[in-house]
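Let me begin by presenting the structure, written as structure tokens, before commenting on it.
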Ligand code: CO
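In our numbering, the protein residues as written are 34 to 363.
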């Protein structure tokens, strides 16, 4: 083609630079301090007056303290229905028991992916590590209408089973769910087709991760600071440099093909979480998330009638646990 036939920009106006499918940061959430369970201090980014949910994610809590009185009261017996809860530990331990016969302890680097389905009761009791510290995250992932009343299920994955990808530039990525550089995550077969990565970048490092178009994507910065939503072409300055986010912050991304993060002078560590939105109506009440108010009323009635939980555990019959609306709900 002759040069003079090529389309050109009007003089004095540059074409908008191509972001190369990079997702921009649409919202920045500063976590709110809340008291949950029997008196646990934590920082909440989703399920607040500011941000009710980001389909399919219904709640995101960051708990962490080196003061045991902040967390020892724990989360005594409480029910769940209609969702999945994902607990990822950084420090300390959590003892857990439930109505389908699971009991155990999860510690640093472990993940517990619990599908509450049609009904589970469980207890989550934090224990301090050797340095009194306890910390981690809990994410709630919605279930579609067809799976809300399904059989409860656990995927308990120990730290040693979670694959790690170490790149030449010093990036270290723990793949809880999803795929990085051909390495598949430990948690699989989840309806929302989620990705859950724990990414640590050294100062000067960068990270690019494809996320399917149409999927919700968010990042939670918990150590250091980084620039999120950086454009593909770093030759430009300005908004294409992304948004500088110091810990603790959550970035909710707009649509696109890839998420880009750059660490400048400080290292950064963040979770990258993505999943397929359900686009269904949401009716939530404490630990239940259903599609309609009527289904919430049914959940409360089932609790009253003692027909709420799946009864896989014979011991459950002998150690009846109760829960009252308005008490510990996470
Ligand atoms: Co719970």
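Glycine included, every Cβ here is placed at the ideal spot set by N, Cα and C.
Rounded straight-line distance, which links the Cα of residue j to that of residue i
{"i": "residue 260", "j": "residue 63", "result": "16 angstroms"}
{"i": "residue 224", "j": "residue 121", "result": "19 angstroms"}
{"i": "residue 54", "j": "residue 289", "result": "5 angstroms"}
{"i": "residue 277", "j": "residue 340", "result": "50 angstroms"}
{"i": "residue 330", "j": "residue 257", "result": "44 angstroms"}
{"i": "residue 177", "j": "residue 226", "result": "12 angstroms"}
{"i": "residue 26", "j": "residue 254", "result": "With the chain covering 34 to 363 only, the question about residue 26 has no answer from this structure."}
{"i": "residue 187", "j": "residue 126", "result": "18 angstroms"}
{"i": "residue 237", "j": "residue 202", "result": "9 angstroms"}
{"i": "residue 232", "j": "residue 305", "result": "7 angstroms"}
{"i": "residue 163", "j": "residue 204", "result": "28 angstroms"}
{"i": "residue 93", "j": "residue 67", "result": "12 angstroms"}
{"i": "residue 291", "j": "residue 246", "result": "8 angstroms"}
{"i": "residue 52", "j": "residue 275", "result": "11 angstroms"}
{"i": "residue 222", "j": "residue 71", "result": "33 angstroms"}
{"i": "residue 212", "j": "residue 206", "result": "10 angstroms"}
{"i": "residue 214", "j": "residue 124", "result": "27 angstroms"}
{"i": "residue 118", "j": "residue 91", "result": "10 angstroms"}
{"i": "residue 383", "j": "residue 198", "result": "Given a span of 34 to 363 for the chain in the structure shown, any question on residue 383 remains unanswerable."}
{"i": "residue 335", "j": "residue 69", "result": "24 angstroms"}
{"i": "residue 327", "j": "residue 356", "result": "20 angstroms"}
{"i": "residue 217", "j": "residue 196", "result": "8 angstroms"}
{"i": "residue 337", "j": "residue 100", "result": "37 angstroms"}
{"i": "residue 132", "j": "residue 360", "result": "18 angstroms"}
{"i": "residue 298", "j": "residue 265", "result": "20 angstroms"}
Residue nearest to residue i in terms of C-alpha spacing, selected from the options
{"i": "residue 344", "options": "185, 297, 214", "result": "185"}
{"i": "residue 174", "options": "307, 333, 194, 125", "result": "307"}
{"i": "residue 128", "options": "134, 119, 138", "result": "138"}
{"i": "residue 161", "options": "98, 181, 328", "result": "98"}
{"i": "residue 191", "options": "146, 211, 179", "result": "146"}
{"i": "residue 316", "options": "65, 181, 214, 165", "result": "181"}
{"i": "residue 57", "options": "363, 360, 117, 285", "result": "285"}
{"i": "residue 200", "options": "108, 335, 60, 234", "result": "234"}
{"i": "residue 140", "options": "101, 189, 133, 108", "result": "189"}
{"i": "residue 300", "options": "287, 313, 314, 280", "result": "280"}
{"i": "residue 363", "options": "113, 211, 59", "result": "113"}
{"i": "residue 78", "options": "71, 210, 69, 65", "result": "65"}
{"i": "residue 116", "options": "216, 196, 179, 265", "result": "179"}
{"i": "residue 282", "options": "265, 217, 252", "result": "252"}
{"i": "residue 5", "options": "207, 165, 134", "result": "Outside the shown range of the chain, which is 34 to 363, sits residue 5, and nothing can be said about it."}
{"i": "residue 61", "options": "250, 265, 100", "result": "250"}
{"i": "residue 342", "options": "100, 134, 59", "result": "134"}
{"i": "residue 303", "options": "229, 338, 100", "result": "229"}
{"i": "residue 376", "options": "298, 287, 297", "result": "In the structure displayed, the chain extends from 34 to 363; residue 376 sits before or after that span and is not available."}
Close-in-space but distant-in-sequence residues of the same chain around residue i (CB under 8 angstroms, 5 per side omitted)
{"i": "residue 96", "result": "73, 74, 75, 76, 104, 159, 167, 168, 169, 170, 171"}
{"i": "residue 183", "result": "148, 150, 151, 176"}
Contacts around residue i, its chain only, beta-carbon distance under 6 angstroms, and the 5 residues preceding and following it disregarded
{"i": "residue 10", "result": "Past the boundaries of the shown model lies residue 10; the chain is included only from 34 to 363, so the question cannot be answered."}
{"i": "residue 309", "result": "225, 226, 248"}
{"i": "residue 354", "result": "110, 154"}
{"i": "residue 295", "result": "239, 260, 263"}
{"i": "residue 10", "result": "Since the first residue shown for the chain is 34 and the last is 363, residue 10 is missing from the structure and cannot be characterised."}
{"i": "residue 144", "result": "121, 190, 209"}
{"i": "residue 81", "result": "65"}
{"i": "residue 136", "result": "130"}
Close-in-space but distant-in-sequence residues of the same chain around residue i (CB under 7 angstroms, 5 per side omitted)
{"i": "residue 311", "result": "88, 89, 175, 177"}
{"i": "residue 358", "result": "319, 333"}
{"i": "residue 157", "result": "107, 108, 127, 129"}
{"i": "residue 243", "result": "290, 291"}
{"i": "residue 313", "result": "177, 178, 324"}
Test: residue i CB closer than 8 angstroms to a CB of chain B
{"i": "residue 190", "result": "Considering every chain present, this structure includes no chain B. It has just one protein chain."}
Three or more C-beta pairs below 8 angstroms linking the segment 81–92 and the segment 323–338 = Segments in contact, no.
Beta carbon nearer than 7 angstroms to a non-hydrogen atom of the ligand CO | Those residues, listed in chain order, are 108, 111, 113, 118, 155, 157, 320, 363.
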